[in-house]
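Undergrad: Below you'll find the structure I mean.
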Amino acid sequence: MSNDSQGSVKGEAAMMLSPSGSASSQGPPLSPSTATKPPELPDELVQAGWAKCWSRRENRPYYFNRFTNQSLWEVPVLGQHDVISDPLGLNAAPAEGGDSTLGNGQRKRRSSEEQAAGPNSVKRAKVNPFIFPSIPLSLYLHVYPMEVLKFFIVVVLSIYWDLDIQTNAVIREHPPANHLPPHPEIELQRAQLVTKLRQHYHELCHQREGIDPPRESFNRWLLERKVIDKGHDPLLPSDCDPVISPSMFREVMNDIPIRLSRIKYKEEARKLLFKYAEAAKKMIDSRNASPESRKVVKWNAEDTMSWLRRDHSASKEDYMDRLEHLRQQCGPHVAAVAKDSVEGICSKIYQLSADYSRRLRQTHLSLLQDPPTEACASPQQSRLVYCYPVRLVIPSPPLPRVELHFENDMACLRFRGEMVKVNRGHFSKLELLYSCCFFMFGSGANEGTGLQGALPVAVFEALNRQFGVSFECFASPLNCYFKQFCSAFPDIDGFFGSRGPFLSFSPVSGSFEANPPFCEELMDAMVKHFEELLDQSSEPLSFIVFVPEWRDPVTPALTRMEASRFLRHQLSIPAYEHEYRSGSQHTCKREEMYYRAVHGTAVLFLQNDAGFAKWAPTPERMAELMAAYRPASSRTSSLTSDWSPHPLGLVIG
Numbered sequence: 001m002s003n004d005s006q007g008s009v010k011g012e013a014a015m016m017l018s019p020s021g022s023a024s025s026q027g028p029p030l031s032p033s034t035a036t037k038p039p040e041l042p043d044e045l046v047q048a049g050w051a052k053c054w055s056r057r058e059n060r061p062y063y064f065n066r067f068t069n070q071s072l073w074e075v076p077v078l079g080q081h082d083v084i085s086d087p088l089g090l091n092a093a094p095a096e097g098g099d100s101t102l103g104n105g106q107r108k109r110r111s112s113e114e115q116a117a118g119p120n121s122v123k124r125a126k127v128n129p130f131i132f133p134s135i136p137l138s139l140y141l142h143v144y145p146m147e148v149l150k151f152f153i154v155v156v157l158s159i160y161w162d163l164d165i166q167t168n169a170v171i172r173e174h175p176p177a178n179h180l181p182p183h184p185e186i187e188l189q190r191a192q193l194v195t196k197l198r199q200h201y202h203e204l205c206h207q208r209e210g211i212d213p214p215r216e217s218f219n220r221w222l223l224e225r226k227v228i229d230k231g232h233d234p235l236l237p238s239d240c241d242p243v244i245s246p247s248m249f250r251e252v253m254n255d256i257p258i259r260l261s262r263i264k265y266k267e268e269a270r271k272l273l274f275k276y277a278e279a280a281k282k283m284i285d286s287r288n289a290s291p292e293s294r295k296v297v298k299w300n301a302e303d304t305m306s307w308l309r310r311d312h313s314a315s316k317e318d319y320m321d322r323l324e325h326l327r328q329q330c331g332p333h334v335a336a337v338a339k340d341s342v343e344g345i346c347s348k349i350y351q352l353s354a355d356y357s358r359r360l361r362q363t364h365l366s367l368l369q370d371p372p373t374e375a376c377a378s379p380q381q382s383r384l385v386y387c388y389p390v391r392l393v394i395p396s397p398p399l400p401r402v403e404l405h406f407e408n409d410m411a412c413l414r415f416r417g418e419m420v421k422v423n424r425g426h427f428s429k430l431e432l433l434y435s436c437c438f439f440m441f442g443s444g445a446n447e448g449t450g451l452q453g454a455l456p457v458a459v460f461e462a463l464n465r466q467f468g469v470s471f472e473c474f475a476s477p478l479n480c481y482f483k484q485f486c487s488a489f490p491d492i493d494g495f496f497g498s499r500g501p502f503l504s505f506s507p508v509s510g511s512f513e514a515n516p517p518f519c520e521e522l523m524d525a526m527v528k529h530f531e532e533l534l535d536q537s538s539e540p541l542s543f544i545v546f547v548p549e550w551r552d553p554v555t556p557a558l559t560r561m562e563a564s565r566f567l568r569h570q571l572s573i574p575a576y577e578h579e580y581r582s583g584s585q586h587t588c589k590r591e592e593m594y595y596r597a598v599h600g601t602a603v604l605f606l607q608n609d610a611g612f613a614k615w616a617p618t619p620e621r622m623a624e625l626m627a628a629y630r631p632a633s634s635r636t637s638s639l640t641s642d643w644s645p646h647p648l649g650l651v652i653g
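Following full-length UniProt numbering, the numbering of the sequence shown begins with 1 at its first residue and continues without gaps.
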């Protein structure tokens with residue numbers, strides 16, 4: 001019988017230690033054995049995963065749940081949960097005829113700890129995503145060398161996180177947030193309303209302008225709006241000024257009268273030129289345009305069509321030059337007649353979003369047992385603490401059950417007919433970040449995955465090893481590498497380690513990685529926030545920023561960072577010579593996990609003086625970072641050729 005497991009995840013008290021303080025270290029996690037004694041529990045407890053075990057260290061029995069890794073000294077009671085380790089009550093069914101907030105018995109602890117711990121003290125077990133055999137792996141190499149190597153490459157390299165890294169981010173202590181606690185009913189309704197809003201946008205673009213919505217423009221609209229939104233909903237904008245979104249307006253206007261795609265062949269260029277001339281003429285005839293605009297557009301369109309009928313020997317470059325000339329002549333007139341209509345699209349979508357947000361909040365408040373009252377914002381505390389996740393001031397109501405089953409390597413979660421799938425590795429990761437379950441329902445397949453790509457594992461390892469990075473400024477529970485990060489939805493993600501949106505996050509010191517979504521307004525606001533934080537702090541503070549190297553035209557965020565007085569170093573990684581991890585990594589196939597970057601990536605080091613002294617981008621550190629950016633295929637090939645022993649019996653290259 002193995003000893004009792006000791007979790008590596010520290011409790012809330014440890015998270016709130018002063019940066020200068022220290023926490024007592026915990027022993028390594030050991031899995032309890034359930035085979036020592038036969039089950040001596042009711043059938044319903046056995047079916048729920050409970051088994052009676054014997055603790056050799058404490059010399060008394062305890063109860064272990066193989067599904068949730070809970071350890072209790074007393075007989076477990078179904079339908080109750082511990083509000084400390086499971087604030088949402090996801091691991092317990094609703095209690096019948098009793099108080100659902102009662103704890104589920106006494107948490108299992110050492111006898112030496114019982115004097116200082118209350119009856120609801122928490123012992124959090126560390127769940128390993130996979131277990132290595134107890135025999136050293138090197139012994140298997142003589143018999144099954146290739147099988148072991150394949151196991152190492154497939155299993156070990158597929159783990160995309162390291163939740164044992166302790167954060168060095170320091171913040172000023174915050175009071176609990178006033179967000180409404182999450183609820184599956186609300187998340188499902190929110191997803192349905194967002195899908196409905198997306199469909200309205202599609203229909204308005206078709207009905208008013210005769211075009212498909214620009215790709216990812218709705219998702220960029222959500223990002224751009226949330227930069228300035230002061231409303232209550234974490235996703236739907238409801239209180240923005242101005243009402244007209246510059247991002248949505250710009251992207252729709254760029255596709256009027258038709259969308260201009262990239263051209264490879266001469267015939268495609270000829271066809272695109274004809275379609276543009278025809279669409280411009282049709283649009284100016286059907287709108288309330290001035291006589292001068294009507295005359296200019298019709299003359300240029302007809303002249304272009306006449307040239308196309310007359311000249312069949314033109315090259316691709318001739319067609320593209322003619323198209324650019326036509327756009328310069330007709331574009332301003334076409335934009336003038338479309339301006340009011342496009343503004344109407346932007347305004348309509350925003351008004352619908354605000355209405356959906358109000359309706360959703362009313363429904364959410366009706367589900368709470370004790371609706372919150374409006375309170376003044378608490379002032380920020382002066383005490384410096386290591387960063388900790390968002391905590392909510394409003395307790396969670398009893399939650400309905402979400403069905404869970406497994407299909408091959410996918411975890412399937414179903415609620416009221418809607419289902420999402422997450423691969424088992426990422427589901428185990430969520431169990432590490434929270435005891436069990438996850439409930440967010442997205443839109444279509446691959447929706448929004450093109451707005452951000454995650455950095456490869458080797459790059460995160462180099463950032464942590466060389467520059468002390470332990471925190472991500474833009475992540476989610478599914479794609480984070482470190483256990484602390486900023487994300488868009490504090491009400492849900494806070495239960496998995498999030499500190500909330502980055503623009504509301506004000507660290508005093510620490511080393512951070514920032515790989516923002518590809519939204520110009522958000523990136524510009526991010527840089528402004530960086531400079532304010534660096535200017536205010538005298539403690540070591542460092543931001544390593546990864547942004548697309550868009551030069552035609554250059555983005556305001558990149559221009560501002562390159563001119564910043566805090567810029568210490570800049571690195572340019574050419575297109576197709578590095579890769580990113582898919583934004584749908586939690587659902588996609590293993591062979592689709594990585595993709596080559598089609599544009600260059602700019603890596604910029606923004607640091608104050610103390611941060612530069614502690615994490616300076618020296619040539620040696622930069623060389624290791626560049627080596628880590630090699631595509632995974634070259635790293636795998638070097639793994640198969642260069643062998644070296646590992647203390648645990650693994651093979652590393």
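The beta carbon of each residue, even a glycine, is placed where N, CA and C say it ideally should be. Quantities reported herein were computed from a predicted structural model and do not represent experimental measurements.
What span of residues does the beta strand (DSSP E) with methionine 253 cover, start to end?
TA: Residue numbering aside, residue 253 sits at position 253 when the sequence shown is read from its first letter. Unbroken run through methionine 253 is the alpha helix (DSSP H), 246-254; no beta strand (DSSP E).
Undergrad: Can you look up lysine 348 in the DSSP assignment and give me helix, strand or coil?
TA: If you number the sequence shown from 1, residue 348 lands on position 348. Helix at lysine 348.
Undergrad: How about proline 556 and aspartate 535: do their beta carbons lie closer than 7 Å?
TA: For the purposes of this step, residue 556 is identified with residue 556 of the sequence shown, where counting begins at 1. For the purposes of this step, residue 535 is identified with residue 535 of the sequence shown, where counting begins at 1. Not in contact: proline 556 and aspartate 535 (Cβ atoms no closer than 7 Å).
Undergrad: Would you mind stating whether leucine 236 and tyrosine 356 have Cβ atoms separated by less than 7 Å?
TA: Here residue 236 refers to the residue found at position 236 when the sequence shown is read from its first residue. Here residue 356 refers to the residue found at position 356 when the sequence shown is read from its first residue. Yes, the pair counts as a contact, with Cβ atoms nearer than the cut-off.
Undergrad: To the nearest angstrom, how far is the alpha carbon of aspartate 493 from that of cysteine 387?
TA: If you number the sequence shown from 1, residue 493 lands on position 493. If you number the sequence shown from 1, residue 387 lands on position 387. Rounded to whole angstroms, aspartate 493 to cysteine 387 spans 15 Å at the Cα level.
Undergrad: Contact between the segment 420-434 and the segment 543-554: three or more CB pairs below 8 Å?
TA: no
Undergrad: Looking at C-beta atoms only, is the number of pairs between the segment 491-508 and the segment 162-171 that lie closer than 8 Å three or more?
TA: yes
Undergrad: Can you name the residues that DSSP bridges to glycine 510?
TA: For the purposes of this step, residue 510 is identified with residue 510 of the sequence shown, where counting begins at 1. Bridge partners of glycine 510: Leu541.
Undergrad: CB serine 247 to CB arginine 220, shorter than 7 Å?
TA: Along the sequence shown, read from residue 1 onward, the residue named residue 247 stands at position 247. Along the sequence shown, read from residue 1 onward, the residue named residue 220 stands at position 220. Yes, the pair counts as a contact, with Cβ atoms nearer than the cut-off.
Undergrad: Starting from threonine 555, trace the beta strand (DSSP E) both ways and give me its first and last residue.
TA: Locating residue 555 in the sequence shown gives position 555, where the first residue counts as 1. It is not in any beta strand (DSSP E) - threonine 555 carries neither H nor E in the DSSP assignment.
Undergrad: Near valine 227, which residues of its chain fall below 6 Å by C-beta distance, leaving aside the five closest residues on each side in sequence?
TA: In the sequence shown, counting from the first residue as 1, residue 227 sits at position 227. Glu521, Leu522, Ala525, listed in sequence order.
Undergrad: Could you check how far apart the C-beta atoms of histidine 333 and isoleucine 186 are, in whole angstroms? I think they sit under 8 Å.
TA: Residue 333 sits at position 333 when you count from the first residue of the sequence shown. Residue 186 sits at position 186 when you count from the first residue of the sequence shown. At roughly 47 Å, the Cβ-Cβ gap does not stay under 8 Å, so histidine 333 and isoleucine 186 are not in contact.
Undergrad: Considering Cα atoms alone, identify which of Arg590, Val385, Leu367, Phe415 is closest to valine 398.
TA: Locating residue 398 in the sequence shown gives position 398, counting from the first residue. Valine is not the amino acid found at residue 398; the sequence shown has proline there. When only C-alpha atoms are compared, the closest one is Leu367.
Undergrad: Does DSSP put leucine 308 in a helix, in a strand, or in coil?
TA: Here residue 308 refers to the residue found at position 308 of the sequence shown. If DSSP states are grouped into helix, strand and coil, leucine 308 belongs with the helices.
Undergrad: Could you give the distance in angstroms between the alpha-carbon of aspartate 241 and the alpha-carbon of glutamate 173?
TA: On the sequence shown, position 241 is the one that residue 241 refers to. On the sequence shown, position 173 is the one that residue 173 refers to. The straight-line gap from Cα to Cα measures roughly 30 Å.
Undergrad: Compute the distance between the beta-carbons of aspartate 491 and proline 76, then report whether it is under 7 Å.
TA: Locating residue 491 in the sequence shown gives position 491, where the first residue counts as 1. Locating residue 76 in the sequence shown gives position 76, where the first residue counts as 1. Not closer than 7 Å, so no.
Undergrad: Between glutamine 189 and the rest of its own chain, which residues show a CB-CB distance below 8 Å, the 5 nearest in sequence each way excluded?
TA: Counting from 1 along the sequence shown, the entry for residue 189 is found at position 189. If you ignore the 5 residues before and after glutamine 189, its C-beta comes within less than 8 Å of the C-beta of Leu360, Thr363, all in its own chain and listed in chain order.
Undergrad: Counting beta carbon pairs with one atom in the segment 336-353 and one in the segment 311-318, are three or more of them shorter than 8 Å?
TA: no
Undergrad: Can you check DSSP and say which residues form a bridge with methionine 410?
TA: Taking the sequence shown and counting its residues from 1, one reaches residue 410 at position 410. Bridge partners of methionine 410: Glu407, Asn423.
Undergrad: If you compare alpha carbons, which of Tyr576, Asn288, Val603, Arg416 is closest to leucine 558?
TA: Here the question's residue 558 lines up with position 558 in the sequence shown. When each option's Cα is compared against that of leucine 558, the closest is Val603.
Undergrad: Should proline 145 go down as buried or exposed, given a rule of 16 or more other Cβ atoms within 10 Å for buried?
TA: Start at 1 with the first residue of the sequence shown, and residue 145 comes out as number 145. A caution first: proline 145 carries a pLDDT of 45, below 50, which makes its placement in the model unreliable, though a value can still be read off. Proline 145 should be labelled exposed.
Undergrad: Just checking arginine 551 against the ligand GTP - is the residue's beta carbon closer than 6 Å to any of the ligand's heavy atoms?
TA: Among the components of this structure there are no ligands whatsoever, and the ligand GTP is therefore not found.
Undergrad: Cβ of phenylalanine 502 within 7 Å of Cβ of cysteine 480?
TA: Against the sequence shown, residue 502 aligns to sequence position 502. Against the sequence shown, residue 480 aligns to sequence position 480. Contact: no.
Undergrad: Less than 7 Å between C-beta atoms, sequence neighbours within five positions excluded: which residues of the same chain meet that for glutamine 329?
TA: Translated into the one-based positions of the sequence shown, residue 329 becomes position 329. Same-chain partners within the cutoff: Val296, Asn300.
Undergrad: Any idea what DSSP makes of glutamate 472, helix, strand or coil?
TA: Taking the first residue of the sequence shown as position 1, residue 472 is located at position 472. Strand at glutamate 472.
Undergrad: Thinking C-alpha only, which one of His206, Ser286, Leu45, Ser306 is nearest residue 667?
TA: Residue 667 is absent from the model: the chain starts at 1 and stops at 653.
Undergrad: Contact between the segment 198-213 and the segment 262-273: three or more CB pairs below 8 Å?
TA: no
Undergrad: Looking only at its chain, what residues have a beta carbon closer than 6 Å to the beta carbon of alanine 458, apart from the 5 residues adjacent to it on each side?
TA: Numbered from 1 along the sequence shown, position 458 holds the residue referred to as residue 458. Ala628.
Undergrad: Measure the CB-CB distance between phenylalanine 543 and alanine 514 and report whether it falls below 7 Å.
TA: Within the sequence shown, numbered from 1, the residue matching residue 543 stands at position 543. Within the sequence shown, numbered from 1, the residue matching residue 514 stands at position 514. Taking 7 Å as the Cβ cut-off, phenylalanine 543 and alanine 514 qualify as a contacting pair.
Undergrad: Considering only C-alpha positions, which residue in the set Ser306, Ser238, Pro184 is nearest to arginine 416?
TA: Here residue 416 is taken as the residue at index 416 of the sequence shown, counted from 1. For the set Ser306, Ser238, Pro184, the Cα lying nearest the Cα of arginine 416 is the one of Pro184.
Undergrad: Taking buried to mean at least 16 other C-beta atoms within 10 Å of its own C-beta, is valine 651 buried or exposed?
TA: Mapped onto the sequence shown, residue 651 falls at position 651. Model confidence at valine 651 stands at a pLDDT of 30, short of 50, so the residue's coordinates are unreliable and nothing is read from them.
Undergrad: What first and last residue would you give for the alpha helix (DSSP H) that runs through histidine 529?
TA: Within the sequence shown, numbered from 1, the residue matching residue 529 stands at position 529. Note, histidine 529: alpha helix (DSSP H), 520-536.
Undergrad: Does leucine 157 come out as helix, strand or coil in the three-state DSSP assignment?
TA: Taking the sequence shown and counting its residues from 1, the one referred to as residue 157 is at position 157. Unreliable placement is indicated for leucine 157, whose pLDDT of 43 sits below 50; the coordinate value is still reported in the next sentence. Coil, per DSSP.
Undergrad: Return helix, strand or coil for threonine 601, following the three-state DSSP convention.
TA: In the sequence shown, the residue the question calls residue 601 occupies position 601. Residue state, collapsed to three classes: strand.
Undergrad: Can you have a look at proline 182 and say buried or exposed, based on whether 16 or more other CB atoms are within 10 angstroms of its CB?
TA: The residue given as residue 182 occupies position 182 in the sequence shown. Answer is buried; the Cβ neighbour count reaches 16.
Undergrad: Our contact map puts glycine 497 next to phenylalanine 485 with C-beta atoms below 8 Å; I'd like the distance itself, whole angstroms only.
TA: Here residue 497 refers to the residue found at position 497 when the sequence shown is read from its first residue. Here residue 485 refers to the residue found at position 485 when the sequence shown is read from its first residue. Indeed they touch by this definition, with Cβ atoms about 7 Å apart.
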